[in-house]
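In the working numbering, the protein residues as written are 49 to 292.
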């Protein structure tokens with residue numbers, strides 16, 4: 049099944065977000081049909097803040113390290129594309145496609161709908177085989193409700209987006225309105241109950257943040273003379289995955 053086809057299954061597919069080679073390989077081995085990168089995880093691992101447009105180099109380094117090694121499709125979180133110039137974002141998309149990447153995530157942030165649509169249009173024209181997940185931050189930033197969300201996503205659809213992503217969109221009625229109006233596969237962040245109409249569920253930065261919390265807890269328990277509360281990945285198993 050292709051990456052695009054995963055968005056049209058009978059139930060939503062869960063897309064886990066990796067932050068390095070080891071996490072990506074482990075997620076693929078766990079049976080997930082595709083893996084995404086997390087901009088927060090990649091940025092934080094490089095010592096920079098998420099959303100600051102400083103993570104292009106570590107993102108590309110991770111993609112190159114996974115090229116030819118990851119046995120499932122990879123989609124890359126490009127934040128806003130690391131440029132406001134549509135031609136530059138399109139050139140980056142072509143580079144990713146040449147590395148075998150199946151999809152990209154592009155967020156509008158504080159851009160106008162027209163500005164973001166022009167970027168999506170350029171990417172779609174330059175890399176037609178990439179699955180473009182167009183993200184709007186209306187709910188994430190709290191600067192627009194369902195009507196503004198639909199307006200933006202419709203513009204992104206018309207510009208060539210393959211799917212749409214609305215982080216923090218959770219209400220079942222709002223989800224139904226978006227799905228009915230936009231008519232592209234809808235991606236939301238993971239939540240315990242997934243409303244009808246959702247095509248893709250991303251873990252976002254949650255796996256990375258849980259990994260950090262687990263590491264801190266184990267370290268604190270070691271300091272306090274207590275055993276760990278979680279089972280670690282086996283050393284030899286991890287070595288085998290990284291050397292095969």
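The beta-carbon is built from N, C-alpha and C at its ideal position, and this holds for glycine as well. In this text the structure is predicted, and so the values were computed from the model without any measurement.
Exclusion of the five residues before and after residue 106 leaves 90 and 94 as the residues of its chain whose Cβ lies within less than 6 Å of its Cβ.
If you draw a straight line from the Cα of residue 242 to the Cα of residue 235, it is about 11 Å long. If you draw a straight line from the Cα of residue 52 to the Cα of residue 84, it is about 14 Å long.
According to the DSSP secondary-structure assignment, residue 85 is paired through a beta bridge with 66.
About 7 Å separates the Cβ atoms of residue 123 and residue 181, confirming a contact at the 8 Å cut-off. Residue 107 sits in a helix when the DSSP states are folded into three classes. Per DSSP, the continuous beta strand (DSSP E) segment holding residue 236 begins and ends at 234 to 237.
Every unbroken stretch of the alpha helix (DSSP H) spanning 4 or more residues and falling wholly within the segment 101 to 188 is given here in chain order: 104 to 114, 134 to 146 and 161 to 174. Relative to the Cα of residue 149, the nearest Cα in the group 97, 246 and 176 belongs to 176.
Assigned with DSSP and collapsed to three states, residue 247 falls in strand. For residue 213, no alpha helix (DSSP H) run applies; the uninterrupted beta strand (DSSP E) run containing it begins and ends at 211 to 213, by DSSP. Of the other Cβ atoms in all chains shown, 16 or more fall within 10 Å of the Cβ of residue 168; this residue is therefore buried. Here the segment 208 to 221 makes contact with the segment 246 to 257; the two share three or more CB pairs at distances below 8 Å. Residue 271 is classed as exposed because its beta carbon has fewer than 16 other beta carbons within 10 Å across all chains shown. In the DSSP annotation of this structure, the continuous segment of the alpha helix (DSSP H) that includes residue 266 starts and ends at 254 to 271. Residue 254 sits close to residue 238, with the two beta carbons spaced by under 8 Å. In the structure shown, residue 80 falls within a coil segment according to DSSP collapsed to helix, strand and coil. Looking at 115, 112 and 129, the one whose alpha-carbon comes closest to that of residue 98 is 129.
For residue 200, the enclosing alpha helix (DSSP H) has its first and last residue at 194 to 207. Around the beta carbon of residue 56, a 10 Å sphere encloses fewer than 16 other beta carbons of the protein chains shown; the residue is thus reported as exposed. Burial is judged here by how many other beta carbons sit within 10 angstroms of a residue's own beta carbon; residue 151 has at least 16 and is buried.
With at least 16 other beta carbons inside 10 angstroms of its own, residue 252 counts as buried. Our two residues, residue 220 and residue 187, have alpha carbons roughly 14 Å apart in a direct line. Under the criterion of beta carbons closer than 8 Å, residue 142 and residue 174 qualify as touching, at roughly 5 Å.
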